[in-house]
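Residue numbers (my numbering): 105 to 232.
From the three backbone atoms N, C-alpha and C, an ideal C-beta is built for every residue, glycine too.
In structure tokens, the structure reads:
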């Protein structure tokens, strides 16, 4: 805080009774999003721009793979797999939550597929 509000020291001003708790809260909430406090709370130094760039990189890589697969000779080669997504910082709890969500989505998609197969082709309902 001292770095952002220099030469003032808002915490010392609060303890001396020069500013109220509300004023201190306003000063803390007004700290920059790329400051030390924000980095500590997030647990990493990435900002919104870095996450957007990583998303764009992943989408362009998938687009390139789709283009290659759409223009390949199906008799000569197998489709190219999608590349791995770019690394992003995340906490272990967030990673676990993301894996659980992905597992749930896969299970729901598979059950929906099996339901459609059972309705359209009853003879193949159990085979999937």
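Q.
So residue 233 and residue 108 are supposed to be a Cβ contact under 8 angstroms. How far apart are they, rounded?
A. The question about residue 233 has no answer here: the residues shown for the chain are numbered 105 through 232.
**N- and C-terminal bounds of the alpha helix (DSSP H) containing residue 206** = 196-224
Review point. Between residue 192 and residue 142, is the Cβ-Cβ spacing less than 8 angstroms?
Key: no
Residue 151 to residue 133, Cα distance in whole Å? 17 angstroms
Anticipated Cβ contact below 8 angstroms, residue 161 with residue 190, distance rounded
5 angstroms
Checklist entry - CB residue 147 to CB residue 181, shorter than 8 angstroms? => result no
_So, with DSSP's three-state summary, where would you put residue 177?_
coil
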